[in-house]
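Using my numbering, read the sequence shown as starting at 248 and increasing by one per residue.
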Amino acid sequence: MTAPVHDRGTRVAGNGLDHGYRAVALRLPRVSALLSARSLAICASLVIATVVLGVVSLGLGTYPVPLDEVIGALLGTADDQARMLVVGWRLPRALFAIACGVALAVSGAIFQSLTRNPLGSPDIIGFSSGSYTGAIAVMLLLGSTRYLDIAAGAIVGGVVTAAVVYLLATRNGSVQSFRLIIMGIGVAALLSSLNSALMLSVSVDTAMLAAVWAAGSFNALGHEQLWPMVALLAVMLAALAALAPGLRQLELGDDAARSLGLPANRVRAAAVVLGVALTALVTAAAGPISFVALAAPQIARRLVRGSGLLLVPSAVVGAFTLLASDVLAQRVGMPVGVVTVSLGGAYLAWLLISEFRRRT
248 MTAPVHDRGT RVAGNGLDHG YRAVALRLPR VSALLSARSL AICASLVIAT
298 VVLGVVSLGL GTYPVPLDEV IGALLGTADD QARMLVVGWR LPRALFAIAC
348 GVALAVSGAI FQSLTRNPLG SPDIIGFSSG SYTGAIAVML LLGSTRYLDI
398 AAGAIVGGVV TAAVVYLLAT RNGSVQSFRL IIMGIGVAAL LSSLNSALML
448 SVSVDTAMLA AVWAAGSFNA LGHEQLWPMV ALLAVMLAAL AALAPGLRQL
498 ELGDDAARSL GLPANRVRAA AVVLGVALTA LVTAAAGPIS FVALAAPQIA
548 RRLVRGSGLL LVPSAVVGAF TLLASDVLAQ RVGMPVGVVT VSLGGAYLAW
598 LLISEFRRRT
């Protein structure tokens, strides 16, 4: 059950604590939490906006479908042509955009929490490049285009890259966030050269196929690719939910976390593997899609005016952002990866300028 709390900001009913903001106390048999009323309102609004945008997107395309027929197709009352267009072709794409947005945003929130730096995103610190390298190695060297094979290659590539970056960034037994980002940028540049070499080592037709996939697109993805991806995402999110309290303790510092009995290194390693796996899951399905993992957690932080690990707000922001980017990509005739890079590049420039001004 939930108990609303009032009285100038947040006063938890029955204990007399004022937390300085309006909130709702969540009390379940084994779980209790204090949820910001602003965060709940923002998340609910974004969920509604995502659903509305998703329904509208189902009617867009070469053959437009009126909104009433879209709703009829979803309810099973429309004709066969409308059901094929809406449910068979367009619905999987919209669901893929939402699921991939959630995965990327949550992955970005994990790494930004671990590094305590807004630039600590898998895009920036090279983990996405490692997943991309593993995926194209499976495609180009092993000749496999099966989703599970590409996903396995992407996860292995991302985990190996993460291990190398963390090893290079470790000094005196601790990982420094600034060194992590710098080393990650260097490793990402090295992997980019390796990817180019792999492209040059195969036939032109195979390289072109990999290049099209590398643009990042939800084209040609259907129900047969959607449901395995959603099942894997659900498992990873459940594992992350169990790991989230430990991640929040790590934000206090390793010494404080260890004093509370937390195995800091094991929790950090598990979080890195989960974050890489979430990025690899998207890379295997749609190719590399950049900047959602970087931008979504920071946008969520500003919307809810919160701090620390914001998994749910980041997830809903990521879902809406990637779905909106895909709708725009369809209208302009580009892969969604091109749109996110264009918008994300502008956001990254603004973020760097803001961080520079804040530190000077």
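Glycine residues also receive a C-beta, built at the ideal position from the N, C-alpha and C atoms.
Q. Less than 7 Å separating the beta-carbons of G348 and A566?
A. Yes; because the gap between Cβ atoms is below 7 Å, this pair is in contact.
Query raised in the report: To the nearest angstrom, how far is it from the Cα of G592 to the Cα of A485?
Result: Straight-line Cα distance between these residues: approximately 32 Å.
Nearest neighbour of M430, chosen from A444, V539, S368 [CA to CA]: M430 has its Cα closest to that of S368, out of A444, V539, S368.
If you follow the alpha helix (DSSP H) that W460 is in, where does it begin and where does it stop?
Segment 451 to 461, the alpha helix (DSSP H) holding W460.
**Q.** Ranges of the alpha helix (DSSP H) found wholly within the region 305 to 388, counting only runs of at least 4
**A.** If only complete runs of 4 or more residues are kept, the region 305 to 388 shows the alpha helix (DSSP H) at 314 to 322, 327 to 330, 338 to 362, 374 to 387, in order along the chain.
- prompt: Helix, strand or coil: how does DSSP classify R418 here?
  reply: If DSSP states are grouped into helix, strand and coil, R418 belongs with the strands.
Worksheet item: With respect to the alpha helix (DSSP H) encompassing M476, which residues constitute its N-terminal and C-terminal limits?
Response: 470 to 497 is the extent of the alpha helix (DSSP H) around M476.
(message) So for S292, helix, strand or coil by DSSP?
(response) DSSP places S292 in helix when its eight states are reduced to three.
Q) With DSSP run on the structure shown, which of helix, strand or coil describes S537? A) In the structure shown, S537 sits in coil (DSSP, three-state: anything other than H, G, I, E or B).
Q | Per DSSP, the bridge partner or partners of S439 | A | According to DSSP, which records beta bridges pairwise, S439 is partnered with nothing at all.
May I have a chain-ordered list of the alpha helix (DSSP H) segments no shorter than 4 residues that lie completely inside the region 520 to 597? Counting whole runs of 4 or more residues, the region 520 to 597 contains the alpha helix (DSSP H) stretches 539 to 551, 558 to 579.
| field | Spatial neighbours of R319 in its chain, beta-carbon cut-off 8 Å, leaving aside the 5 residues before and after | value | Note on residue identity: the sequence assigns Gly, not Arg, to residue 319. Correct list, in chain order: A325, A329.
So which of L550, R340, R269, A571 has the shortest CA-CA distance to H470? Checking every option, the nearest Cα to that of H470 belongs to R340.
If S360 sits next to L494, beta carbons under 8 Å apart, how far is it from one beta carbon to the other, in whole angstroms? About 6 Å; that satisfies the 8 Å criterion.
CB-CB under 7 Å to V403, same chain, minus the five flanking residues each way: which ones, in chain order?
Excluding sequence positions up to five before and after V403, its CB lies within less than 7 Å of the CB of G381, all in the same chain and listed in chain order.
Checklist entry - For the putative contact between A542 and S464, defined by C-beta atoms under 8 Å, what is the C-beta separation to the nearest angstrom? => result Between S464 and A542 the Cβ distance is about 19 Å, and since that is not below 8 Å, they are no contact.
Local Cβ density within 10 Å of G400, reported as buried at 16 or more and exposed below that | Answer is buried; the Cβ neighbour count reaches 16.
Problem - Spatially closest choice to S378 from A504, R604, V523, by CA coordinates - result: The shortest CA-to-CA distance from S378 to any of A504, R604, V523 is the one to V523.
**Pairwise C-alpha distance: W474 and A416** = Using only the alpha carbons, I get a separation of about 37 Å.
If you follow the alpha helix (DSSP H) that A504 is in, where does it begin and where does it stop?
Segment 501 to 506, the alpha helix (DSSP H) holding A504.
If you measure between the beta carbons of A462 and G373, is that distance less than 7 Å? Result no, Cβ atoms of A462 and G373 do not sit closer than 7 Å.
Who are the Cβ neighbours of L445 in its own chain at under 7 Å, not counting the five residues just before and after it?
For L445, where only same-chain residues beyond five positions count, the Cβ hits under 7 Å are I383, A384, L387.
- Taking contact to mean at least 3 C-beta pairs separated by less than 8 Å, is the region 551 to 561 in contact with the region 578 to 598? Under the three-pair Cβ rule at 8 Å, the region 551 to 561 does not count as touching the region 578 to 598.
Using three-state DSSP, classify L395 as helix, strand or coil. Helix at L395.
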